Amino acid sequence: MNNNITEQQTPEQNQTTNILVLGATGGVGQIVVAKLIAQNYQIIAIVRDIEKAQKLFGDSANIKIFPGDVREQKSLEESLANQQIDATISCLGTTAFPSTRWWGGNNPKNTDYLGNKNLINLMPTNLKRFILVSSVGVERSDQFPYKILNLFGVLDYKLKAEKILKSSGLPYTIIRPGRLTDGPYTSYDLNTLIKATSGNRQKIIIGQGDKLLGETSRIIVAEACVEALQLDCTINQTFEIINQTGKNEIPDNDKSLFWQTLFTKAQSNNS
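Count along the sequence shown from 1, add 1, and you get the number used in the working numbering.
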């Protein structure tokens, strides 16, 4: 853990307000940032492409953007120096198969594994939560269809990152979505990101034990990450999330209660 990052508490000791987001300009990360801004969190985004981040998030007073590369621990350490961080949401990731996104060494080993490893190693010891976006199938990489998805090791590297986080001593929540849908969005309007919906696939299924198979809206993944920040029932827990066609059986007008109900139901079903 890194003691160069300030561990000064906010005035309200139990309030999580300063959120570090990695992968902020990606498909899930941009929606995470939009939802955090909508809830008046203060966000620190470490990005490689400053111009892209500024176009996405405009001049919002709720976000500070710094250049940095998670694949290089020294670069990341310089970016995080003297920053007050209450919680971290890592949306780091790349494509499972070779693509233009792999250029410059942006492959699963360097991004999903080493990037998260560097990040975890630099977290303050009093971090209130580290939320990691991983994937369903990490415990089933020898089974179809994940055996195909894992041809270049993406699931293996995601699982390695999970194990490092679990052994770090940090309070964590791991979110494992299925194949991602909805987005990534190219609109530079934050309101568009905030108001985006998941079409007719709005029913949310949450499980534990890596048993689910299906697709997951990026919007739902982002919402799960943001809501988990304030839910104690998600501390040191791993959840799989998929979407199905239809409506949820419980009302979602109170988002915090809605997600608490879903998370606790998944835990009771797994016990």
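Glycine included, C-beta positions come from ideal geometry on N, C-alpha and C.
Predicted model only: the values in this text are computed from it and were never measured.
Item	Value
C-alpha distance - glycine 210 paired with isoleucine 165, whole-angstrom precision	18 angstroms
Rounded C-alpha distance that separates leucine 258 from isoleucine 121	29 angstroms
Classification of glutamine 245 by the beta-carbon crowding that lies within 10 angstroms, buried from 16 upward	exposed
Span of the alpha helix (DSSP H) around phenylalanine 259	256 to 271
The beta strand (DSSP E) enclosing lysine 56, as first and last residue numbers	From DSSP, lysine 56 is part of no beta strand (DSSP E) but of the alpha helix (DSSP H) over 51 to 58.
Per-residue DSSP class, three states only, for threonine 17	coil
Own chain partners of isoleucine 64 with C-beta closer than 7 angstroms, once the 5 adjacent residues on each side are dropped	Val34, Ile38, Ile44, Ala46 and Phe58
Reduced DSSP category for valine 48 - H, G, I as helix; E, B as strand; rest coil	strand
Endpoints, the alpha helix (DSSP H) within which leucine 123 is located	Per DSSP, leucine 123 belongs to no alpha helix (DSSP H) and is neither H nor E.
Assigned exposure category for asparagine 111 - 16 Cβ within 10 Å defines buried	buried
Nonlocal neighbours in the same chain, by C-beta distance under 6 angstroms from aspartate 183, ignoring five residues either side	Ser199, Ser218, Arg219 and Ile220
Counterpart residues of leucine 181 in DSSP-defined beta bridges	Thr217
Contacts around isoleucine 251, its chain only, beta-carbon distance under 6 angstroms, and the 5 residues preceding and following it disregarded	Thr262
Backbone secondary structure at isoleucine 236 - three-state DSSP	coil
Buried/exposed call for alanine 267, threshold 16 Cβ in 10 Å	buried
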